[in-house]
Amino acid sequence: MDQAKKTITYFFLVLWALIVLFPFYWMVLTSVKSYGAYNSEYIPKFFTLSPTMQNYVDAFTSVPLGRYFLNTIIFTVLTTAIMIVVITLAAFAFARLDFRGRNGAFVLFLSLMMIPNELVIITNFVTITNLDMRNTFQGLILPSVTSVFYIYLLKENFEQVPDSLYKAAKVDGTSDMKYLLKVLVPMSKPTLITVTILKIIECWNSYVWPRLITDDEAYYLVSNGIQEIRENGFGRENIPAMMAAVVAISLPLIVLFLLFHKKIMAGVSRGGTKG
């Protein structure tokens, strides 16, 4: 009976995995079909006997996809690095520093998660525009250097460290900053790695804000570059070349997730568990 349940479970898991992975397979398959072969298929084929890499060559030569990659890397690295510093200091303040109104301030801080993202985007757009930061990396980066959820996640991690350890460190004359860097950060390394990876994915997939704040192609990210490629690059009809560009853009995130998916799950589960 147990063997039958296990067989049925694995059958549906495999079936669901095939359903989830099929769009990725179709994307890669289309990207290695020539433009003529793709358009000659009245009934779509699930394989090709004559794959070509020309679409990938076109993706990097017909449009400035390399520049989009470079812009995205700069945006992702700077945003993630600044955010890690900001949320680490904020989480430490809420978790360990004793100041008047701390709990009320944290509750108010958490309530920001209830504000619709559209309202935040409008406010950020007005602010960045008034500061004359449109079409700059500063304008792209500044609204994304903090996160209420990541601060909460890291605060829960810091609070798992016993208060007695902090008090003992203070008795020994250890400063708050030294305690944070020498004790809390090393002990919360799994969560920090998780937050870093999730933020990288978030930055790489960012679409609405970069599209709103930049209209200069020199500052386009890969997510916005896809729309530019579709409109002014290959054209709407050249689907194989578009799919090649999408595969090239998606590959770094896929590799990143495959390498660190266990750390992501471990960090999230650790941050959500107290005691």
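In terms of the numbering used here, the sequence shown has 129 at position 143, counting the first letter as 1, and numbering is strictly consecutive.
Beta carbons are placed, not taken as given, at the ideal position from N, Cα and C, and that holds for glycine.
- For Thr58 against Leu207, the beta-carbon gap comes to about 5 Å, under 8 Å, which counts as contact.
- Residue Gly125 holds the alpha-carbon nearest to the alpha-carbon of Asp202 among Pro148, Val241, Gly125, Tyr28.
- Here Gln146 carries a coil assignment [DSSP, helix/strand/coil].
- Taking 7 Å as the cut-off, the Cβ atoms of Lys19 and Thr(-5) do not count as close.
- Between the beta-carbon of Thr122 and that of Val72 there is about 20 Å, and that puts the pair past the 8 Å contact cut.
- Rounded to the nearest whole angstrom, the CA to CA distance from Asp(-12) to Pro172 is 43 Å.
- As the crow flies, the alpha-carbon of Met39 is around 28 Å from that of Ser192.
- Remark: C-beta atoms of Val134 and Met100 do not approach each other more closely than 7 Å.
- Boundaries cannot be given for Ala204, as no alpha helix (DSSP H) includes it and DSSP labels it neither H nor E.
- Between Ile29 and Ser36, the alpha-carbon positions lie close to 17 Å from each other.
- Scanning its chain for C-beta atoms nearer than 6 Å, with the 5 sequence neighbours on each side dropped, one finds around Asp44 the residues Ala227, in chain order.
- One Cα belongs to Val181, the other to Arg82, and the distance between them is close to 20 Å.
- Cα atoms of Met229 and Phe8: separation of roughly 14 Å, rounded to the nearest angstrom.
- Boundaries of the alpha helix (DSSP H) around Ile183: 175 to 190.
- Listed in chain order, the non-local C-beta contacts of Leu170 below 7 Å within the same chain comprise Phe78, Phe144, Val147, local neighbours out to five positions each way being set aside.
- For Val0, the uninterrupted alpha helix (DSSP H) segment begins and ends at -12 to 17.
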